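Colleague:
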Amino acid sequence: MAKSLRSKWRRKCRAVKRVRYGKVELERLKKTLQNDPLYKDPNDVDMKPSTSESQQSSAGLADMVTLVDKENIVRGAQKKAGEDSMETNERKFNRKTMRDQFGNYPVWMNQRRIREKKKLLRTNEKKRKNKKKSK
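In the numbering used here, the protein residues as written are 7 to 141.
(1) Sorted by chain position, which residues of the same chain lie with C-beta nearer than 8 angstroms to THR103's C-beta, five sequence neighbours on each side aside?
(2) Can you tell me whether DSSP reads LEU126 as helix, strand or coil?
(3) Look at the alpha carbon of ARG17 and the alpha carbon of LYS9, and state the distance between them as a whole number of angstroms.
(4) According to DSSP, is SER13 part of a helix, a strand, or is it coil?
(5) Below 8 angstroms on the Cβ atoms is my guess for TYR3 versus ARG105; work out the distance and round it to an integer in Å.
(6) Identify whether TYR27 lies in helix, strand or coil by the three-state DSSP scheme.
(7) Measure the alpha-carbon distance for PHE99 versus PHE108 and round it to whole angstroms.
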């Protein structure tokens, strides 16, 4: 589509930038992966025991591991869920004013819409006051 000299030059410059920033990005990715505890280096070697060693280790496994019933795990999870529900503060929005209990508008609402909503609320308040005065 674009065949002008200017666009060709820009494409060339972008290709050079892609190469240059590609190296930097690759280094940054490697650095973040090294900091990740779940990352496994491809140069690491897995040390798997042979079958005779696995039989011996299963006897010693009972010393290292404690068996827990499924029911105990479920009870513990339910207790933790109960504790977490107390810590979380659920925001309750008023559908009419679109504000929560703290008077804040939702994050997704843009500033123009907030201004419109405030203006509408103000005019409604004035109308209510005028009705009370006239009675």
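For each residue, glycine too, the CB sits at the ideal point set by N, CA and C. Predicted model, so just to flag it, every value in this text is computed and none were measured.
Modeller: This is what the structure holds:
(1) Once the five neighbours on either side are set aside, the close Cβ partners of THR103 are LYS123 and LEU127.
(2) Helix, per DSSP.
(3) The straight-line gap from Cα to Cα measures roughly 11 angstroms.
(4) In this structure, DSSP gives SER13 a helical state, which the three-state scheme calls helix.
(5) Given that the chain is displayed from residue 7 to residue 141, the structure contains no residue 3 and the question cannot be resolved.
(6) Under the three-state reduction of DSSP output, TYR27 falls in the helix class.
(7) Using only the alpha carbons, I get a separation of about 9 angstroms.
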